[in-house]
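See structure below.
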Ligand code: PLP
């Protein structure tokens, strides 16, 4: 059975060009880029060229790009690195990915509220920063994601920066931009932040490669120490093949973004419109003008996401409810709860995320299978919403 993949926000299929780009470094050019012989220097050059490509897309200096092992590591490095450097407090909104939220909580930080779209509420951020300063503490870092992984809303980092600079001038501003590269030109985000995290498997690169931009030079303590790679900022032998592939995937994503956003928004619109039109009790969680093109998110009355995802899985339709976690188990969405979505609605949450491989046929089949599955589930309940 062919797979209908509507879970690009969890992980995107690799771009063929990125797979091709990694093969030579797996097969033939396997030297350690930190070595001193010519074979090693060739690998080193591949890493440096990749760094140049990433910097060009992000609008930063190549030397400010640090390659890491994943998006989670980049977020941990930013927050833990800032807190251990300054001893100050970490702050983030309640809708951050666990890779940020749990680290902020681990360091005893402050979590602030969000608006109806899950964006940081600047009216809560400003007094939270004032309170920390008034208690004779400093703010080490404020972390606000660029694009939310569940509902696709977009934070205005320029506005966040203004609040942070005014209320806590010494604090670093970090953004988890892991869900952004397919939809937003990051050259417009990077200038507003001190730190920016990416993960290659979200834009057609391989799993196991992340990026942390330290905009304007080193500002934080390293998380992983040892061999001193990445100019002492992130030790560990470079994943040459993965880094090369990630940079190629990012470059292609950037080059195709303008046309892809239009193409994918049309597919997403049709997918969500058809579900809303052909099934009763389906509501969009967020207005489309407030979210990125690849994100569809609906709440379906009278069903539970877990049961729906089970039926979709039987038909090889891949989607999700809350974000994926290691156990694969369904947890109630902390994002929807923070946005004020009532628990009875978020029980039936369905996240459908599209990307570079999504076609009209995926939308046709997705709509058909989801409608049948919802009708089947409803026919088994007393609620009877057909
Ligand atoms: N941040 C966001 C917003 C994400 O969506 C994800 C992945 O789901 C991560 C961080 C973690 O990235 P990685 O899977 O590379 O650790």
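In our numbering, the protein residues as written are 55 to 440.
Positions of the beta carbon are idealized from the N, C-alpha and C atoms, including for glycine.
Please state whether DSSP places residue 254 in a helix, a strand or coil. Translated into the one-based positions of the chain shown, residue 254 becomes position 200. Reduced to three states, the DSSP call for residue 254 is helix.
Three-state secondary structure assigned by DSSP to residue 430: Position 376 of the chain shown holds residue 430. Reduced to three states, the DSSP call for residue 430 is helix.
With a threshold of 6 angstroms on Cβ separation, who are the neighbours of residue 67 within its own chain once the five nearest residues in sequence on each side are excluded? The residue labelled residue 67 in the question sits at position 13 within the chain shown. Closer than 6 angstroms at the Cβ level, and outside the excluded window around residue 67, lie 411.
What do you reckon, is the C-beta of residue 86 under 7 angstroms from a heavy atom of the ligand PLP? Residue mapping note: residue 86 aligns to position 32 of the chain shown, counting from 1. Not under cutoff, so the answer is no.
Bounding residues of the alpha helix (DSSP H) (the contiguous stretch that carries residue 32): Limits of the chain in this structure are 55 at one end and 440 at the other, which puts residue 32 out of reach.
Give me, in chain order, the residues of the same chain whose beta-carbon lies closer than 6 angstroms to that of residue 344; leave out the 5 immediate sequence neighbours on both sides. Counting from one through the chain shown, the residue named residue 344 turns up at place 290. Only 171 and 207 meet the Cβ criterion.
Would you list the one or two residues that DSSP bridges to residue 207? The residue you call residue 207 lines up with position 153 of the chain shown. Note: residue 207 sits in a beta bridge opposite 345.
Note down, in chain order, each residue of its chain lying with its Cβ closer than 7 angstroms to the Cβ of residue 219, except the 5 sequence neighbours on either side. The count along the chain shown starts at 1 and reaches residue 219 at position 165. Nothing meets the Cβ criterion.
For the 8 angstroms Cβ check, are there 3 or more pairs between the stretch 314–329 and the stretch 411–428? Short answer: they touch.
Would you identify the three-state DSSP class for residue 286, choosing helix, strand or coil? Position 232 of the chain shown, counted from the first residue, corresponds to residue 286. Coil, per DSSP.
Using the three-state DSSP reduction, which class does residue 381 fall into: helix, strand or coil? Translated into positions along the chain shown, residue 381 becomes position 327. Its pLDDT being 49, under 50, residue 381 is placed unreliably in this model, and the value from its coordinates should be taken loosely. If DSSP states are grouped into helix, strand and coil, residue 381 belongs with coil.
Run of the beta strand (DSSP E) containing residue 195, from where it starts to where it stops: Here residue 195 refers to the residue found at position 141 of the chain shown. Segment 193–197, the beta strand (DSSP E) holding residue 195.
Distance between residue 65 and residue 74 (C-alpha atoms, nearest Å): By one-based count along the chain shown, residue 74 stands at place 20. By one-based count along the chain shown, residue 65 stands at place 11. The straight-line gap separating the alpha-carbon atoms of residue 74 and residue 65 is approximately 19 angstroms.
For residue 403, list the residues DSSP reports as bridge partners. Mapped onto the chain shown, residue 403 falls at position 349. Answer by DSSP bridge pairing, in chain order: 353.
Cβ-based burial, residue 434 [other Cβ within 10 Å; buried from 16]: Here residue 434 refers to the residue found at position 380 when the chain shown is read from its first residue. Counting C-beta atoms within 10 angstroms of its own C-beta, residue 434 has fewer than 16 neighbours from the protein chains shown and is therefore classed as exposed.
Range of the contiguous beta strand (DSSP E) that encloses residue 144: For the purposes of this step, residue 144 is taken as the residue at position 90 of the chain shown. Counting along the chain, the beta strand (DSSP E) containing residue 144 begins and ends at 143–147.
Give me the Cβ distance between residue 351 and residue 339, rounded to the nearest whole Å; I'm assuming they're in contact under 8 angstroms. Within the chain shown, numbered from 1, the residue matching residue 351 stands at position 297. Within the chain shown, numbered from 1, the residue matching residue 339 stands at position 285. Rounded, the Cβ-Cβ distance is 4 angstroms, consistent with contact.
Same chain only: Cβ atoms within 7 angstroms of residue 348, ignoring 5 sequence neighbours per side: Residue mapping note: residue 348 aligns to position 294 of the chain shown, counting from 1. Counting only Cβ-Cβ distances below 7 angstroms, and skipping sequence neighbours, we find 62, 236, 237, 318, 322, 407, 408 and 409.
Cβ distance (whole Å) where residue 151 is taken to contact residue 230 below 8 angstroms: Residue numbering aside, residue 151 sits at position 97 when the chain shown is read from its first letter. Residue numbering aside, residue 230 sits at position 176 when the chain shown is read from its first letter. Residue 151 to residue 230, Cβ: 6 angstroms. Contact.
Mind checking which residues open and close the alpha helix (DSSP H) that includes residue 264? In the chain shown, counting from the first residue as 1, residue 264 sits at position 210. Premise fails: residue 264 lies in the beta strand (DSSP E), 264–268, not in any alpha helix (DSSP H).
Roughly how many angstroms lie between the CA atoms of residue 110 and residue 362, to the nearest whole one? Against the chain shown, residue 110 aligns to sequence position 56. Against the chain shown, residue 362 aligns to sequence position 308. Residue 362 has its alpha-carbon roughly 42 angstroms from the corresponding atom of residue 110.
Rounded C-beta distance between residue 263 and residue 251? I'm assuming under 8 angstroms. Along the chain shown, read from residue 1 onward, the residue named residue 263 stands at position 209. Along the chain shown, read from residue 1 onward, the residue named residue 251 stands at position 197. 12 angstroms between Cβ atoms; not a contact.
Inter-residue CB distance, residue 148 and residue 168 (contact presumed, cutoff 8 angstroms): Sequence index remark: in the chain shown, residue 148 carries index 94 (1-based). Sequence index remark: in the chain shown, residue 168 carries index 114 (1-based). A Cβ-Cβ separation of about 6 angstroms places residue 148 in contact with residue 168 under the 8 angstroms criterion.
Between which two residues does the alpha helix (DSSP H) harbouring residue 184 extend? Within the chain shown, residue 184 is the residue found at index 130, counting from 1. That run of the alpha helix (DSSP H) goes 176–188.
Looking at residue 346: is its Cβ nearer than 8 angstroms to the Cβ of residue 119? As a first step, residue 346 must be located in the chain shown, where it is residue number 292. As a first step, residue 119 must be located in the chain shown, where it is residue number 65. Judged by their CB atoms, residue 346 and residue 119 are not nearer to each other than the 8 angstroms cut-off.
With a Cβ-Cβ cutoff of 8 angstroms, do residue 275 and residue 247 count as a contact? As a working mapping, residue 275 is identified with position 221 in the chain shown. As a working mapping, residue 247 is identified with position 193 in the chain shown. In this structure, residue 247 does not lie closer than 8 angstroms to residue 275 by Cβ.
Using only the alpha-carbon positions, how far apart do residue 424 and residue 371 sit? Indexing the chain shown from 1 puts residue 424 at position 370. Indexing the chain shown from 1 puts residue 371 at position 317. Roughly 8 angstroms separates the two Cα atoms.
How is the alpha helix (DSSP H) around residue 62 delimited, first residue to last? By 1-based counting over the chain shown, the position of residue 62 is 8. Per DSSP, residue 62 belongs to no alpha helix (DSSP H) and is neither H nor E.
What separation, rounded to the nearest whole angstrom, lies between the Cα atoms of residue 380 and residue 185? For the purposes of this step, residue 380 is taken as residue 326 along the chain shown, with counting starting at 1. For the purposes of this step, residue 185 is taken as residue 131 along the chain shown, with counting starting at 1. A caution first: residue 380 carries a pLDDT of 49, below 50, which makes its placement in the model too unreliable to give a value.
When the Cβ atoms of the stretch 132–146 are set against those of the stretch 328–337, are three or more pairs found closer than 8 angstroms? Output reads no: the stretch 328–337 does not touch the stretch 132–146.
Determine the closest residue to residue 239 out of 310, 183 and 174, with distance taken between C-alpha atoms. Here residue 239 refers to the residue found at position 185 when the chain shown is read from its first residue. For the set 310, 183 and 174, the Cα lying nearest the Cα of residue 239 is the one of 310.
Considering only their Cβ atoms, is the gap separating residue 386 from residue 374 smaller than 8 angstroms? Within the chain shown, the letter at position 320 stands for residue 374. Within the chain shown, the letter at position 332 stands for residue 386. In this structure, the beta-carbon distance from residue 374 to residue 386 does not fall below 8 angstroms.
Apart from the five residues on each side of it in sequence, which residues of its chain come closer than 6 angstroms, Cβ to Cβ, to residue 127? The residue given as residue 127 occupies position 73 in the chain shown. Within the same chain, residue 127 has close Cβ partners 264.
Do you know whose CA, among 432, 59, 193 and 215, lies nearest residue 199's CA? Stepping through the chain shown from its first residue, residue 199 is reached at position 145. Checked all of 432, 59, 193 and 215; the closest Cα to residue 199 is 215.
Which residues in the same chain as residue 176 place their Cβ atom closer than 8 angstroms to its Cβ, once the five residues preceding and following it in sequence are excluded? Along the chain shown, one-based indexing puts residue 176 at 122. For residue 176, the CB contacts under 8 angstroms within the same chain, skipping 5 residues up- and downstream, are 213, 214 and 217 in chain order.
Taking the beta carbon of residue 288 as the centre, do at least 16 other beta carbons fall within 10 Å, making it buried, or is it exposed? Taking the first residue of the chain shown as position 1, residue 288 is located at position 234. Its Cβ being crowded by 16 or more others within 10 Å, residue 288 is buried.
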